[in-house]
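A.B. asks:
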Amino acid sequence: MSECSDCRSCGARAVLEFPGSSTAAKAVAVIGPPNSGKTTLFNRLTGLRQKVANFPGVTVEQHTGIAELPDGRAVRLIDLPGVYSLSPRSEDEQVAYDVLTGNRDDTPKPEAILLVLDSTNLARHLMLAAPILALGVPTLIILNMADDLRNRGGHLNLDKLAAELGAPVALISARQGEGIGQVFDFLAGAMPKPAPKELPVLHDVPKCRQWAGRVGIEAAYRPPLAPKWTRRLDAVFLHPAIGPLVFVAVVFAVFQTIFNAAVPLMDGVKWLFDVSGNWITTTLPDSLIRSLLVEGVWKGVGSVVVFLPQVLLLFLFIAILEDSGYLARAALIADRTMAKVGLQGKSFIPLLSAYACAVPAIMSTRTIENRRDRIATILIAPFMTCSARLPVYTLIIAAFIPQRHVVGPFLNTRAAAMLALYVLGFLAAVVTARLLKSSILKTGRTPFLLEMPSYRWPTFQSIGLRLYDRSKVFLRRAGTVILLVTVILWIMANLPTQNGHIPAIENSLAGTIGRTIEPVLKPLGFNWKIGIGLITSLAARETIIATLGTIYGMDPKSHGLDLQNAIHRDLTPGGAVALLVFFAFAMQCISTIAVVRRETGGWKWPILQFSYMSVLAYAGAFVAAHLIR
Amino acid sequence: MQLSGNCDQPEVFSATLVDLVRGDAAILDRIDLPGDDARRLMELGFLPGTRVTAGLSAPGGDPRVFQVDGSEIALRRETARRLKVRLEKAPRRGPRV
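Protein chains in written order, with numbering that gives the first Met the number 0: chain A, 0 to 628; chain B, 0 to 96.
1. If you measure from the beta carbon of B:I26 to each beta carbon in chain A, is any gap under 8 angstroms?
2. Do A:H154 and A:R221 have their beta-carbon atoms positioned less than 8 angstroms apart in this structure?
3. For A:F447, return the contacting residues in chain B, with the cut-off set at a CB-CB distance below 9 angstroms.
4. In chain order, what are the residue ranges of uninterrupted alpha helix (DSSP H) at least 4 long that sit wholly in the stretch 83 to 150 of chain A?
5. Do you know offhand how far A:L378's Cα is from B:V84's?
6. Would you verify that the beta carbon of A:A122 is, or is not, closer than 8 angstroms to some beta carbon of chain B?
7. Should A:L482 and A:A509 be called a contact, given that it needs their Cβ atoms to be closer than 8 angstroms?
8. Contact defined as beta carbons within less than 8 angstroms: I believe A:L523 pairs with A:A583. What is the distance between those atoms, to the nearest angstrom?
9. Got a sec: which bits of the stretch 82 to 93 of chain A sit with their beta carbon under 7 angstroms from any beta carbon on chain B, in order along the chain?
10. The beta strand (DSSP E) with B:L70 in it runs from where to where?
11. Helix or strand or just coil, what does DSSP make of A:V340?
12. What three-state label does DSSP hand A:I627 in the structure shown?
13. For the beta strand (DSSP E) that contains A:I367, what are its first and last residues?
14. Would you call A:E629 buried or exposed, if buried means 16 or more other Cβ atoms sit within 10 Å of its Cβ?
15. Could you give the first and the last residue of the continuous alpha helix (DSSP H) run that contains A:G574?
16. On the DSSP letters alone, give me the boundaries of the alpha helix (DSSP H) that A:Q309 sits inside.
17. Would you call the stretch 193 to 212 of chain A in contact with the stretch 142 to 161 of chain A, where contact means no fewer than 3 C-beta pairs closer than 8 angstroms?
18. For A:K269, list the residues DSSP reports as bridge partners.
19. So what does DSSP say about A:L488, is it helix, strand or coil?
20. Comparing C-alpha positions only, which one of A:L423, A:L494, A:A218 and A:D233 sits nearest to A:K623?
21. From the DSSP output, which residues share a beta bridge with A:A565?
22. Taking only the alpha-carbon atoms, compute the straight-line gap between B:S56 and A:Y421 and give it to the nearest angstrom.
23. Determine the chain B residues that contact A:G510 at a beta-carbon separation under 9 angstroms, and present them in chain order.
24. Between A:P390 and A:R72, what straight-line distance do the alpha-carbon atoms span, to the nearest angstrom?
25. Grouping DSSP H, G and I as helix and E and B as strand, with all else coil, what is A:Q49?
26. Strictly under 8 angstroms for the Cβ-Cβ distance: is B:A53 near chain A by that measure?
27. Anything in the stretch 329 to 354 of chain A with a Cβ closer than 9 angstroms to a Cβ of chain B? List those residues in chain order, please.
28. Determine, for A:E217, whether the minimum Cβ-Cβ distance to residues of chain B falls below 8 angstroms.
29. Interface residues of chain A around B:G59 at Cβ under 9 angstroms?
30. Would you mind working out which of A:W602, A:G180 and A:L315 sits nearest A:L40, comparing C-alpha positions?
31. So with Cβ pairs under 8 angstroms, would you call A:P243 a contact of chain B?
32. Is it buried or exposed, A:F399, if we count other Cβ atoms within 10 angstroms and call 16 or more buried?
33. Leaving out the 5 sequence neighbours to the left and right, which residues in its chain are closer than 6 angstroms to A:H625 when beta-carbon positions are compared?
34. Would A:P195 count as contacting chain B if we go by Cβ distances under 8 angstroms?
35. Could you check the C-alpha separation between A:G640 and A:I550 for me, to the nearest Å?
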């Protein structure tokens, strides 16, 4: 094969030699500047056949997917991070550069490149074409957002542009699916090497821009008119008075929906689990296996899966806000406030997502280029009241606080208590951020840059794919970590057997462990049962519910009671408040610890974070337990 | 006119991006920032000789959005201060006729 480098059908034949094997599929890289619609195109080409992982050793996410060509052949697409240039300064640029030049062992050197550029801002985006074409790899220049270009009166001569660049050019709209056929044609075809007429000095930005401008003129590029709707919407969303009001309304609407609109859906999921659990109970004969299956597995996993609707609703909101372009405006409005605690507008997005779950929030800190700002955001994100804390808060509040109106029909005592816990977590985050930014994470002067994309309608496909992705991650966690913890707990609660019988819960292995740590927890007002719950909740906060459900269910004194009443009998009001405070501050989440380790590239930050949050949780709970008697 | 004092200056007025109010345009002269930061700004379109127009801002005027080379980029005041520009008009415009 070595001498056939000029052979035009080489790529095609290589695939024919290894039919059916996905490792033999051509690897093709997708690259483009941020906001060029690169990911939309990637989603359009691969659909559900994609996989997200991390490039080993770095914190850059690696999206790969399989695109199926009309003739049935498969192409492996690698979605590279959005970059403005190939000069490797940031980690993203380094990874993009290494993949394209074949310098990463974990990723095959791409046989071709799909370069995605925004056709409505062609002159500037063409700057990236220079270093890409200089690689000498077969490249298709994809001019995205054709619909926008047309609607706003822009124009260009594709043949002339292709002649200037010496590479095929396709004008498409990834959102609408227009012109996707041309991309498939390129992938299925001969893929010639590029032969540009001229390339600029690559590391000279002004020269590259001049070259891009000249190419644009040669291709008779007429830039489109300013986006009318974006200007109109910005006049509202960035209005000095209306803008902040809209901002507050949006944040309020998000919360209102995840707390109220999610309830019927969550009740539905709960009902499904109850009905199916009862069905298993009546179908199977009474045995240890049935007890494990129903009490352990079904109730444990069910108590977590109930929260899926809530998590999905939050991600739905974040996806809509992000894809529509509003999130960049929100970051702009929030910047001043975030700057007061030493952070910046871009931290707002991850911190808002942290109200759903710290794991995706920490992953989304990648948009923050400044490393110190990024680490500070990662360290405070778990203080935001994530959805896993909700079941714990809901249960304890319902058990101890009677439902009464505070401010007319708008706010009742329980909602006020919930709100107070949100404020508590937020305050802890603010104080921590200030501490960090005035000590170990003091920032040098890196400029804050935020590109304002044009407003666009989000597409069902892109939002659907993200929600699908999120549900997969959430359910996988419920099906693995939480399932495992529940089963281990069930076993520990049923061993060692006494005269062939199941032991009383306090004599079981779990009970022994609980009673061993009881002296440490006594000052907080917790007994050994809560202690076991705290241990199992180290895996994931919501596990404590399943744990307490199992323990109280096996304890004859509380067997007939529901969980709420059982807890009410077992905990003093002071202990209840202490437990709430403990959950507000503690970092009880293995997934978060794992993702922090991955994103910060070592154990230093997660260990520091876990210790800090644990000390704060213990101290906070201690104070609460002694203030409220 | 009270502006005549300013008009004695040469045709070109030097200032920074911070001096622009909404709708003002100016030609970027140079970027007073370390190499990598300046490069990042240049990749986003802030090249010397380019026309920059001040746009909307967050409440309080900071950060402000600037239109440059077909894009809209928001900069904080502390960064905008480092971007020196040549004004096309006097910094403060007289009453409209």
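Heads up, the beta-carbon is just placed ideally off N, CA and C, and yes, glycines get one too.
C.D. replies: Walking through what the data contain:
1. The count along the second sequence starts at 1 and reaches residue 26 of chain B at position 27. No - not a single Cβ of chain A is within 8 angstroms of the one on B:I26.
2. Here residue 221 of chain A is taken as the residue at index 222 of the first sequence, counted from 1. Here residue 154 of chain A is taken as the residue at index 155 of the first sequence, counted from 1. The answer is yes: Cβ separation under 8 angstroms.
3. The count along the first sequence starts at 1 and reaches residue 447 of chain A at position 448. The contacting residues are P62, A73, L74, R75, E77 and T78.
4. If we require 4 residues or more, the alpha helix (DSSP H) runs fully inside the stretch 83 to 150 of chain A come out as 90 to 99, 121 to 124, 128 to 133 and 145 to 150.
5. Residue 378 of chain A sits at position 379 when you count from the first residue of the first sequence. Residue 84 of chain B sits at position 85 when you count from the first residue of the second sequence. Near 39 angstroms, if we compare the C-alpha coordinates of B:V84 and A:L378.
6. Within the first sequence, numbered from 1, the residue matching residue 122 of chain A stands at position 123. Yes, its Cβ sits closer than 8 angstroms to a Cβ of chain B.
7. Taking the first residue of the first sequence as position 1, residue 482 of chain A is located at position 483. Taking the first residue of the first sequence as position 1, residue 509 of chain A is located at position 510. Taking 8 angstroms as the cut-off, the beta carbon of A:L482 is found no closer than this to the beta carbon of A:A509.
8. Reading the first sequence from its first residue, position 524 is the one you call residue 523 of chain A. Reading the first sequence from its first residue, position 584 is the one you call residue 583 of chain A. No, A:L523 and A:A583 are not in contact; Cβ-Cβ is about 13 angstroms, not under 8 angstroms.
9. Taking 7 angstroms as the Cβ-Cβ cut-off against chain B, the residues of the stretch 82 to 93 of chain A that qualify are Y83, S84 and R88.
10. Taking the first residue of the second sequence as position 1, residue 70 of chain B is located at position 71. Going by the sequence as given, residue 70 of chain B is Ser instead of Leu. S70 to L74 is the span of the beta strand (DSSP E), which, as asked, contains B:S70.
11. Numbered from its first residue, the first sequence carries residue 340 of chain A at position 341. In the structure shown, A:V340 sits in coil (DSSP, three-state: anything other than H, G, I, E or B).
12. As a working note, residue 627 of chain A is residue 628 in the first sequence. Note: A:I627 maps to coil in three-state DSSP.
13. Looking up residue 367 of chain A in the first sequence gives position 368. For A:I367, no beta strand (DSSP E) segment is defined, and its DSSP state is neither H nor E.
14. Because chain A here runs from 0 to 628, residue 629 of chain A falls outside it and cannot be looked at.
15. Here the question's residue 574 of chain A lines up with position 575 in the first sequence. The continuous alpha helix (DSSP H) containing A:G574 extends over residues P572 to F584.
16. Indexing the first sequence from 1 puts residue 309 of chain A at position 310. It spans L307 to S323 - the alpha helix (DSSP H) in which A:Q309 sits, taken as one unbroken run.
17. No: the two stretches stay apart, fewer than three of their Cβ pairs being nearer than 8 angstroms.
18. On the first sequence, position 270 is the one that residue 269 of chain A refers to. Answer by DSSP bridge pairing: none, since A:K269 is not bridged.
19. Taking the first residue of the first sequence as 1, we reach residue 488 of chain A at position 489. Of the three classes helix, strand and coil, the one that applies to A:L488 here is helix, per DSSP.
20. Locating residue 623 of chain A in the first sequence gives position 624, where the first residue counts as 1. In the sequence as displayed, the identity of residue 623 of chain A is Ala instead of Lys. The shortest Cα separation from A:A623 among A:L423, A:L494, A:A218 and A:D233 belongs to A:L423.
21. In the first sequence, residue 565 of chain A corresponds to position 566, counting from 1. DSSP lists no partner for A:A565.
22. Numbered from its first residue, the second sequence carries residue 56 of chain B at position 57. Numbered from its first residue, the first sequence carries residue 421 of chain A at position 422. Between B:S56 and A:Y421, the C-alpha separation is close to 30 angstroms.
23. Counting from one through the first sequence, the residue named residue 510 of chain A turns up at place 511. In chain order: nothing, as chain B lies at least about 56 angstroms away.
24. Numbered from its first residue, the first sequence carries residue 390 of chain A at position 391. Numbered from its first residue, the first sequence carries residue 72 of chain A at position 73. Cα to Cα, A:P390 sits roughly 48 angstroms from A:R72.
25. Your numbering for residue 49 of chain A matches position 50 in the first sequence. Strand, per DSSP.
26. The residue labelled residue 53 of chain B in the question sits at position 54 within the second sequence. Proximity of B:A53 to chain A, defined by a Cβ-Cβ separation below 8 angstroms, is not satisfied.
27. Listed by position, the residues of the stretch 329 to 354 of chain A near chain B (Cβ gap below 9 angstroms) are A330, L331, I332, A333, D334, R335, A338, Q343 and G344.
28. If you number the first sequence from 1, residue 217 of chain A lands on position 218. Residue contact with chain B for A:E217: absent (no Cβ-Cβ distance below 8 angstroms to any residue of chain B).
29. The count along the second sequence starts at 1 and reaches residue 59 of chain B at position 60. Within chain A, the residues placing a beta-carbon under 9 angstroms from that of B:G59 are P239 and R335, ordered along the chain.
30. As a first step, residue 40 of chain A is located in the first sequence; it is residue number 41 there, counting from the start. Of the listed residues, the one whose Cα sits closest to A:L40 is A:G180.
31. Within the first sequence, the letter at position 244 stands for residue 243 of chain A. It does; some Cβ of chain B falls within 8 angstroms.
32. Here residue 399 of chain A corresponds to residue number 400 of the first sequence, with the count starting at 1. Under this definition A:F399 is a buried residue.
33. Numbered from its first residue, the first sequence carries residue 625 of chain A at position 626. Excluding positions up to five away in sequence, the list is empty.
34. Taking the first residue of the first sequence as 1, we reach residue 195 of chain A at position 196. No - not a single Cβ of chain B is within 8 angstroms of the one on A:P195.
35. Since the first residue shown for chain A is 0 and the last is 628, residue 640 of chain A is missing from the structure and cannot be characterised.
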